[in-house]
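K.L.:
Here it is, the structure in full.
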Amino acid sequence: LEREQSSYTFLLLRYIPSAPETVRSLVGRVKPSGVIYFEEEIDDAILAYLQGCGLRTVMCGGAALNRESDMVHVNDILAAYEGTNYLLDLGHQHILFLSDETRKIGAGFQRLTGCRKAMEERGLSLRQEDGAVVCGSVTFQAGYDAARKALAEKKRFTAVFAFSDELAVGAMAALCDGGLSVPGDVSVLGYDDLEIASKVRPALTTIHQPIDCFVKKTLELFEQPAQEPSSEILLQHSIVQRQSCRRVGDPIVSSPSETDERGYN
25 LEREQSSYTF
35 LLLRYIPSAP
45 ETVRSLVGRV
55 KPSGVIYFEE
65 EIDDAILAYL
75 QGCGLRTVMC
85 GGAALNRESD
95 MVHVNDILAA
105 YEGTNYLLDL
115 GHQHILFLSD
125 ETRKIGAGFQ
135 RLTGCRKAME
145 ERGLSLRQED
155 GAVVCGSVTF
165 QAGYDAARKA
175 LAEKKRFTAV
185 FAFSDELAVG
195 AMAALCDGGL
205 SVPGDVSVLG
215 YDDLEIASKV
225 RPALTTIHQP
235 IDCFVKKTLE
245 LFEQPAQEPS
255 SEILLQHSIV
265 QRQSCRRVGD
275 PIVSSPSETD
285 ERGYN
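If you count the sequence shown from 1, you need to add 24 to reach the numbering used here.
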């Protein structure tokens, strides 16, 4: 990230854990003003190197495991807790959770922690070994494959909570191909509120993350002096209710209204 007369030039670099020298090489050539990173599990040695070069580091969209970095994010534990309660309040006790890798202490782990808390408060269990949690990537194909596999194995679920909108849309496609309707047979809840969520049919109910605000607040940090301890900006999430979830037992509406309500509690 280079600063130029109050504007910024961005240079995107894919971080490859097996080739950390690419980061050192780029920093040596470009001489950036600071670094924004999006991967919570970035190597501590790389972060130490960046900070040793006098560079400000900001974790955008997640909770930095390196507490010396500034961070801008939502409370993933609370957001997932509220998302799970949203489905539970609709009468769904058998929920299939689609997550990214949970062995890392990142967003997927935090979201699953929130889901488990909500389930346990209702006297329900959430056990990965029982197949209620499917871990992988957060892509459309991963969502499609996970839902298709769950159907093939005859898993019992009336709702899917996917930890990304692409995962959710992939699951919806697999359910459709399997002869099921959304939300008639299975409700689907996503996470992020990307543009695709409002364009897919039925439109996807999802947890909204203020992604534009993530970027705005991240850039504002570079306008401010560094602080000790590092800054943490926690932004508000909400549930955007569209047409992919329904209450268990409610009649199926053939032509749902195009509502788009925020702030479910």
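Don't be surprised by glycine CBs; every beta carbon is placed ideally from N, CA and C.
Taking only three categories from DSSP, how would you classify V59?
P.N.:
strand
K.L.:
Take L102 and list the residues in its own chain whose beta-carbon comes closer than 7 angstroms to its own, dropping the five residues that flank it on each side.
P.N.:
G138
K.L.:
With a threshold of 16 other CB atoms inside 10 Å of the CB of T81, please say whether the residue is buried or exposed.
P.N.:
buried
K.L.:
Helix, strand or coil: which one does DSSP assign to S222?
P.N.:
helix
K.L.:
Where does the unbroken beta strand (DSSP E) through S205 begin, and where does it stop?
P.N.:
No beta strand (DSSP E) holds S205; DSSP gives it neither H nor E.
K.L.:
Residues in its own chain within less than 7 angstroms of T242 by CB, not counting five upstream and five downstream?
P.N.:
Hits under 7 angstroms: I60, V82, C84, V96.
K.L.:
Pull up the distance between the alpha-carbon of Q165 and that of A171, whole angstroms please.
P.N.:
10 angstroms
K.L.:
Using a Cβ-Cβ cutoff of less than 6 angstroms, which residues in the same chain neighbour L74 once the five nearest sequence positions on both sides are dropped?
P.N.:
V59, T81
K.L.:
Whose CA, out of P226, L245, E219, K223, lies closest to the CA of Q233?
P.N.:
E219
K.L.:
To the nearest angstrom, report how far apart G147 and Q117 are at their CA atoms.
P.N.:
10 angstroms
K.L.:
So if DSSP puts F121 in a beta bridge, which residue, or which two residues, is it bridged to?
P.N.:
V157, F185
K.L.:
Span of the alpha helix (DSSP H) holding Y215?
P.N.:
Counting along the chain, Y215 falls outside any alpha helix (DSSP H), though it belongs to the beta strand (DSSP E) covering 211 to 216.
K.L.:
Would a C-beta distance cut-off of 8 angstroms place F246 and S57 closer than the cut-off?
P.N.:
yes
K.L.:
Of the residues F185, K223, D209, which one's Cα is nearest the Cα of P275?
P.N.:
D209
K.L.:
With respect to the alpha helix (DSSP H) encompassing C237, which residues constitute its N-terminal and C-terminal limits?
P.N.:
235 to 245
K.L.:
Can you grab the Cα-Cα spacing for the pair V162 / L213, in whole Å?
P.N.:
14 angstroms
K.L.:
Short of 8 angstroms in beta carbon distance, which residues of its chain neighbour L37, apart from the five on each side in sequence? Order them along the chain.
P.N.:
Here L37 has T46, V47, L50 as same chain residues with Cβ atoms under 8 angstroms from its own Cβ, once five neighbours each way along the sequence are excluded.
K.L.:
My guess is that V224 and V193 are in contact by the Cβ rule of under 8 angstroms, so how many angstroms apart are they, rounded?
P.N.:
Right, the Cβ-Cβ distance comes to about 5 angstroms (below 8 angstroms), so this counts as a contact.
K.L.:
Is it true that the CB of A197 sits closer than 8 angstroms to the CB of Y168?
P.N.:
yes
K.L.:
Just mark R91 as buried or exposed, buried being the case when its beta carbon has 16 or more other beta carbons within 10 Å.
P.N.:
exposed
K.L.:
In this structure, how does DSSP classify V47 when only helix, strand and coil are distinguished?
P.N.:
helix
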